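These notes concern the structure reproduced below.
Numbering (my numbering), first residue to last: 1 to 179.
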């Protein structure tokens, strides 16, 4: 895994440099998301290394429909296709998005709640997290009724479990171990 990230990082930095210079970071992020999904498709994976499929054909498969065929993103895909590195696209996308979040001083937070959060609750949560982390917050919201109540936050690889289910599990664990 570390080797794959080492290979993907320079491509992500190059893509980020071009996207930032052209003020197209959002477009490139969307293009990379599309291309990464294509790269993960089992049918496409089977084509990697097939001598009957040219780099140009592989590039065309990964090019989003709304991207210009002669544009910067198409040339980026061409470089990857010729080098046989299109399989790195999911990792390039992740690295690119991390660079973008850092540049925009944005932190992505996954929020899983028992019930849907209304806009006021989302705003309060965003403001609280922005004060704590000193960055703009982008919430990725999910619902899981099994939580009973409360929320689970995932921030920078840390999980903050404020759900009723989590509290009950911790209580059950404490009772089972005599604490």
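We treat Cβ as the ideally placed atom computed from N, Cα and C, and that holds for glycine.
Here the structure is a predicted model, which means the values were calculated and not measured.
Which two residues bound the contiguous beta strand (DSSP E) that contains residue 142?
136-143
Look at the Cβ atom of residue 161, then the Cβ atom of residue 112, and state whether they are nearer than 7 Å.
no
State yes or no: is the C-beta of residue 81 within less than 7 Å of the C-beta of residue 55?
yes
Just to confirm the assignment: which complete alpha helix (DSSP H) runs, minimum length 4, are found wholly within the region 8-50?
25-40 and 42-47
Would residue 91 and residue 39 be called neighbours here (beta carbons separated by less than 7 Å)?
no
On a Cα-Cα basis, can you pick out the residue from 104, 148 and 155 that is closest to residue 125?
155
Spatial neighbours of residue 159 within its chain, please: CB distance less than 8 Å, with the 5 preceding and 5 following residues excluded, ordered by chain position.
152 and 153
Any 3 or more C-beta pairs closer than 8 Å across the region 99-106 and the region 62-77:
no
By DSSP's criteria, residue 151 is part of a beta bridge. Which residues make up the other side?
113
For the beta strand (DSSP E) holding residue 161, just list the boundary residues, first then last.
158-161
Beta-carbon separation of residue 21 and residue 96 under 7 Å?
no
Thinking residue 35 and residue 89 are a contact (beta carbons under 8 Å), I'd like their distance in whole angstroms, please.
5 Å
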